[in-house]
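Each remark here refers to the structure printed beneath this line.
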Ligand code: SRM
Ligand SMILES: Cc1cc2nc3c(=O)[nH]c(=O)nc-3n(C[C@H](O)[C@H](O)[C@H](O)COP(=O)(O)OP(=O)(O)OC[C@H]3O[C@@H](n4cnc5c(N)ncnc54)[C@H](O)[C@@H]3O)c2cc1C
Ligand code: SF4
Ligand code: FES
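Right under this line is the structure:
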């Protein structure tokens, strides 16, 4: 085996590893990767989401592993010895190589103005940079970002979200000078200013002066004015990390960067360079797509292929401070004779420009600001004839009508991963039937995601419609059925299946529709026909156990309980000989109750003031809480009080899947709120609201929806969040995958919940108010209704005879199911078998 | 050769109006066999084993009644296996089945024959 050493475990180095790992079937290479960062490669493009709650774990690109791959983190390469073909690291380790790859990326450029190195000055490139920034932002009121390019605006948005009053200082006459023109820049500046960010264009930073504490405090500008600030973020550009190559006397580009040819080889035939450190044909690319393309080319070459790198698409589409900005192809109309067509709709907040060839037939490039929905369709058309009137294409209604069939086969649909339409149609012919399959087969859509709508379109045009049908009885999705029930006023399953379905239903559609009927307020879930729709847990308001017995979970809001109530639980469990266990949800579960015992058990519990804990329902389970200011010396808010208020507000709310929540009294987060569907963490001045977390099969951390809310606003936002989820989520879809499925994800959620972009906030709140007003305890209602009680019998002909198959043995002093001849079940038809 | 068919004995399960459409009930036979009783939308009566063969729990009567491509079905609440009410077969696993039992409406009562019809 030959030795391949890769310096740098960033995004591009990682792509190289992946490509080699997949393609090196003959085990030609033994690969060692040395990376300086404390962790393996992560998604730097999505770095800003880290400040919104995405964890380092979530950002990780995953480990490439195998017997012939070794990855060292936390280790910096200090020298390359080209004569002996070795590298040495800062720990003194020396590694020999047959081939060496430089994938060292770049560093943020910090201009050498006086004061640039004062405490309080930051850069924005790594997770550690963001950690440092977040700490300073806690005490900062004002922050200045120096540089109004793509990254500068991302940093500005981050500061704004951290609650800091933000300024952007840009030397050029308008924002994002590399990507967009003056007209687009002017509109962008206006949109950004509307968001509360102050923009200073045409301003040079001359000096940063310290305050009395020695930290950066005042920025002097070229025009003699100044800005007072608590922190500074430099984002004026990047410099390739070519220091190793420079010291090893490899040929560099005129402005730095390790010079490579079309095979990604440097002036030393055993050394390659890829990504932001490379200089190719006069260009250093600061984007991920060209880096990935280089990684693919190099992998191919290392495996004996003939691929070449001939330059790459520098198109970009971004959402900066919630404003869409896209530039693609020859956006600046540098091609001789190029024409442009511009729509500048200042009132509507949109700017669109198409750059055309001199005969106005071929699309060369374009810029979109304010609304970049046309980007996905227009970018792949670059270099191809326009399918229609250029003005119509960028008019507000134009591009949505332009289908992917207008694209030639050679059009690059995914520019990040260089995937053409032909690649995609081929993958579809080979059996990829949905977006996820296309993604894993071609990698299209796995980087910036902007091409995903195109993938959906191409699938649709190949005649593949992803089925959202609920089951064989309904062709509608859950969301559609919700709307049908709401708009028609249908109140029973029979009516719905007669008018909108076929057959008599099944275990899939019946509980789903029961849930829809219940969350639109149709009385007790066991009334009339509704009883026949419920899964067994809901049908008997208890959780079915392995041996056919049930468990009983009374509600203990926020986990707070009086000694008297604890004693009642103990007495009931003792008298009915139930196994007891403290659950993971801060309450007590009693197991081993027979069906016919449930009414008697609940009579005792209801008398003592307990009510149903809905452990059986697809509904709110618990709102966990820490002790907060009630006892804890660190607590800053009353987390127990809020948890109880929330649990009592949302109890009994039927939803597409179960809902869990938690409230922590300070940032130490003892209640684990960020692992809940909605989690609330106290701040000095209010509450931060996180959404979309869960444990279970696919753990997810909740992400920040809104910060520093007062209690009433918090509750309004949660009302809207939950109702919006209930109305639009798929069946058995928890909040995290639901948010992911929304176009634009959390941003969209914010737009609906906070900005009320759909104008439905009042309606959502009203629906929740109705739920709160109509809540009654399900168990108390059963106990007072002889018809419902009559169903809690073991046998029709022997109502009080215990089921003879239920027997117990004793384990750790408590009753547990006696082993059955079948043992513990191991097979299950689907993962949906649990409630 | 002659086949000996034991004489069919009918026992009363419950008054007919106790068995609601699509809400199963369990009946205990004298030999401690348990039978799950169902009434479907077309007023048809079905009786199958109450014991779920996959888990050994006596819970079939608590499942959801439905249909699959026109075949009346019952889904076990335990691990959601789907059985035909007509034949007793597990629709996904042809090695497993529920026995079916004779059932009738007789003078206002639902009655069950105490010998299974076996597997058709
Ligand atoms: C009792 C308890 C375990 C314990 O002894 O602590 C428990 C027991 C069951 N869990 Fe759980 N879960 C319990 C806490 C949890 C937790 C932890 C928590 O809530 O803090 C989790 C992970 C957190 C989460 O849900 O995000 C958890 C993740 C699950 C899942 C996976 C959910 C997912 O999204 O992947 C299921 C399966 C499902 O719901 O489809 C499940 C399902 C079940 C069921 C209901 C399975 C069933 O249908 O029989 C279990 C029966 C409960 C019973 O009979 O009472 N249980 N379950 C806990 C009851 C909490 C409560 O007071 O209500
Ligand atoms: C906030 C932010 C947002 C971005 N947004 C976008 C976007 O929307 N679209 C887009 O296309 N691009 C975007 N980018 C740029 C994109 O992240 C980079 O183009 C990409 O990460 C380059 O990959 P790379 O592997 O060349 O460099 P890197 O990802 O920087 O990896 C280089 C690695 O090498 C390590 N290293 C360097 N020297 C040594 C040494 N001597 N020894 C050991 N290890 C070493 C570094 O520590 C680093 O981990 C963004 C970048 C940032 C910071
Ligand atoms: S989260 Fe904070 S307030 Fe709550 S118990 Fe933990 S340390 Fe105390
Ligand atoms: S264009 Fe970025 S992922 Fe496809």
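Residue numbers (this note's numbering), protein chains in the order written: chain A, 1 to 835; chain B, 836 to 955. In this text, a Cβ means the ideal position worked out from N, Cα and C, and glycines have one as well.
Within its chain, find whatever has a CB closer than 6 Å to the CB of residue 381 of chain A; leave out the 5 residues flanking it on each side and keep chain order.
Taking the first chain and counting its residues from 1, one reaches residue 381 of chain A at position 381. These residues qualify, in order along the chain: 363.
Leaving aside the five residues before and after residue 114 of chain A along the sequence, list all residues of the same chain whose C-beta is less than 6 Å from its C-beta, in chain order.
Indexing the first chain from 1 puts residue 114 of chain A at position 114. Cβ within range, chain order: 207.
Proximity below 7 Å, CB of residue 298 of chain A to CB of residue 274 of chain A
Sequence index remark: in the first chain, residue 298 of chain A carries index 298 (1-based). Sequence index remark: in the first chain, residue 274 of chain A carries index 274 (1-based). Going by C-beta atoms, residue 298 of chain A is nearer than 7 Å to residue 274 of chain A.
Quick check on the DSSP output: the alpha helix (DSSP H) that includes residue 740 of chain A runs from which residue to which?
For this step, residue 740 of chain A is matched to residue 740 along the first chain. Looking at the DSSP string, the run of the alpha helix (DSSP H) that includes residue 740 of chain A is 735-741.
In angstroms with no decimal places, state the Cα-to-Cα distance between residue 453 of chain A and residue 459 of chain A.
On the first chain, residue 453 of chain A is found 453 positions in, with the first residue counted as 1. On the first chain, residue 459 of chain A is found 459 positions in, with the first residue counted as 1. Going from the Cα of residue 453 of chain A to the Cα of residue 459 of chain A covers about 10 Å.
Exposed or buried, residue 592 of chain A, counting other C-beta atoms within 10 Å across all chains shown (16 or more means buried)?
As a first step, residue 592 of chain A must be located in the first chain, where it is residue number 592. The residue is buried, with at least 16 neighbouring Cβ atoms inside 10 Å.
If the criterion is Cβ atoms closer than 7 Å, does the pair residue 416 of chain A and residue 289 of chain A meet it?
For the purposes of this step, residue 416 of chain A is identified with residue 416 of the first chain, where counting begins at 1. For the purposes of this step, residue 289 of chain A is identified with residue 289 of the first chain, where counting begins at 1. In contact: residue 416 of chain A and residue 289 of chain A (Cβ atoms closer than 7 Å).
In the region 280-362 of chain A, which residue ranges form an unbroken beta strand (DSSP E) of at least 3 residues, counting only runs that do not cross its ends?
316-320, 323-329, 339-345 and 350-356
Inter-stretch contact at 8 Å, needing at least 3 Cβ pairs: the region 744-753 of chain A / the region 783-795 of chain A
no
In or out: residue 334 of chain A buried (at least 16 other Cβ within 10 Å) or exposed?
The count along the first chain starts at 1 and reaches residue 334 of chain A at position 334. Burial call: exposed.
Can you tell me which of the three DSSP states residue 97 of chain A falls into?
Numbered from its first residue, the first chain carries residue 97 of chain A at position 97. In this structure, residue 97 of chain A counts as coil in the three-state DSSP scheme.
Any idea if residue 240 of chain A is buried or exposed, counting beta-carbon neighbours within 10 angstroms, 16 or more meaning buried?
Within the first chain, residue 240 of chain A is the residue found at index 240, counting from 1. Result: buried.
Check the C-beta distance from residue 142 of chain A over to residue 229 of chain A and give it rounded, since I have them as a contact under 8 Å.
Here residue 142 of chain A corresponds to residue number 142 of the first chain, with the count starting at 1. Here residue 229 of chain A corresponds to residue number 229 of the first chain, with the count starting at 1. Correct: roughly 5 Å between the Cβ atoms.
Strictly by DSSP, which residues pair up with residue 793 of chain A?
Residue numbering aside, residue 793 of chain A sits at position 793 when the first chain is read from its first letter. None; residue 793 of chain A has no bridge partner.
At a threshold of 6 Å, does residue 697 of chain A count as lining ligand 1 (C-beta to nearest heavy atom)?
The count along the first chain starts at 1 and reaches residue 697 of chain A at position 697. Answer for residue 697 of chain A: yes, Cβ within range of ligand 1.
Cut-off 6 Å between Cβ atoms - residues of its own chain near residue 939 of chain B, not counting five sequence neighbours on either side
Taking the first residue of the second chain as 1, we reach residue 939 of chain B at position 104. Cβ neighbours of residue 939 of chain B beyond the five flanking positions: 946.
Please list, in chain order, all residues of the same chain as residue 271 of chain A whose beta carbon is under 6 Å from its beta carbon, the five residues on each side excluded.
Start at 1 with the first residue of the first chain, and residue 271 of chain A comes out as number 271. Hits under 6 Å: 100.
Using a Cβ distance threshold of 8 Å, determine whether the region 204-223 of chain A contacts the region 165-182 of chain A, with at least three qualifying pairs required.
yes
Taking just the CA atoms, how far does residue 131 of chain A sit from residue 49 of chain A?
By 1-based counting over the first chain, the position of residue 49 of chain A is 49. By 1-based counting over the first chain, the position of residue 131 of chain A is 131. Those two C-alpha atoms are separated by around 12 Å.
In whole angstroms, what separates the C-alpha of residue 398 of chain A from that of residue 307 of chain A?
Along the first chain, read from residue 1 onward, the residue named residue 398 of chain A stands at position 398. Along the first chain, read from residue 1 onward, the residue named residue 307 of chain A stands at position 307. Here the model assigns residue 398 of chain A a pLDDT of 49, short of 50, so the residue's position is not dependable and the matter cannot be decided.
Could you check if residue 872 of chain A belongs to the surroundings of ligand 4, using beta carbon to heavy atom distance under 6 Å?
Because residue 872 of chain A is not part of the residues shown, which for chain A are 1 to 835, the question remains open.
List the residues of chain B whose Cβ lies closer than 7 Å to the Cβ of residue 510 of chain A, in chain order.
The residue labelled residue 510 of chain A in the question sits at position 510 within the first chain. 899 and 901, listed in chain order.
Could you tell me which residues DSSP puts in a beta bridge with residue 852 of chain B?
Here residue 852 of chain B is taken as the residue at index 17 of the second chain, counted from 1. According to DSSP, residue 852 of chain B bridges with nothing at all.
Could you tell me which residues DSSP puts in a beta bridge with residue 626 of chain A?
On the first chain, position 626 is the one that residue 626 of chain A refers to. Beta-bridge pairing links residue 626 of chain A to no other residue.
Taking 6 Å as the cut-off, is the CB of residue 727 of chain A close to at least one heavy atom of ligand 2?
One-based indexing of the first chain puts residue 727 of chain A at position 727. For ligand 2, not one heavy atom lies less than 6 Å from the Cβ of residue 727 of chain A.
Would you identify the three-state DSSP class for residue 725 of chain A, choosing helix, strand or coil?
Working through the first chain from its first residue, we reach residue 725 of chain A at position 725. Correct three-state label for residue 725 of chain A: helix.
Can you list, in chain order, the residues of the region 864-879 of chain B whose Cβ is nearer than 8 Å to any Cβ on chain A?
867, 869, 872, 875 and 876
Residues in the region 476-508 of chain A having any Cβ partner in chain B nearer than 8 Å:
503, 504, 505, 506 and 507
Report yes if the C-beta of residue 175 of chain A is less than 6 Å from at least one heavy atom of ligand 2; otherwise report no.
Indexing the first chain from 1 puts residue 175 of chain A at position 175. Residue 175 of chain A Cβ: outside cutoff for every heavy atom of ligand 2.
Under DSSP, the alpha helix (DSSP H) around residue 454 of chain A begins and ends at which residues?
For the purposes of this step, residue 454 of chain A is taken as the residue at position 454 of the first chain. Looking at the DSSP string, the run of the alpha helix (DSSP H) that includes residue 454 of chain A is 452-461.
May I ask you to check if the CB of residue 585 of chain A is nearer than 6 Å to at least one heavy atom of ligand 1?
Numbered from 1 along the first chain, position 585 holds the residue referred to as residue 585 of chain A. Correct: residue 585 of chain A has its Cβ closer than 6 Å to ligand 1.
Please report the straight-line C-alpha distance between residue 91 of chain A and residue 76 of chain A, rounded to a whole angstrom.
Counting from 1 along the first chain, the entry for residue 91 of chain A is found at position 91. Counting from 1 along the first chain, the entry for residue 76 of chain A is found at position 76. If you take the alpha carbons of residue 91 of chain A and residue 76 of chain A, they lie about 8 Å apart.
Considering only C-alpha positions, which residue in the set A:413, A:478 and A:469 is nearest to residue 448 of chain A?
Against the first chain, residue 448 of chain A aligns to sequence position 448. Minimum Cα distance to residue 448 of chain A is reached at A:413.
Shorter than 6 Å, the distance from the beta carbon of residue 417 of chain A to the closest heavy atom of ligand 1, or not?
Locating residue 417 of chain A in the first chain gives position 417, counting from the first residue. Checking the Cβ of residue 417 of chain A against ligand 1 gives no.
Considering only C-alpha positions, which residue in the set A:490, A:497 and A:464 is nearest to residue 836 of chain A?
An answer regarding residue 836 of chain A cannot be provided, because it is not within the stretch 1 to 835 covered by chain A.
Boundaries (first-last residue) of the beta strand (DSSP E) holding residue 551 of chain A:
In the first chain, the residue the question calls residue 551 of chain A occupies position 551. 550-552 is the span of the beta strand (DSSP E), which, as asked, contains residue 551 of chain A.
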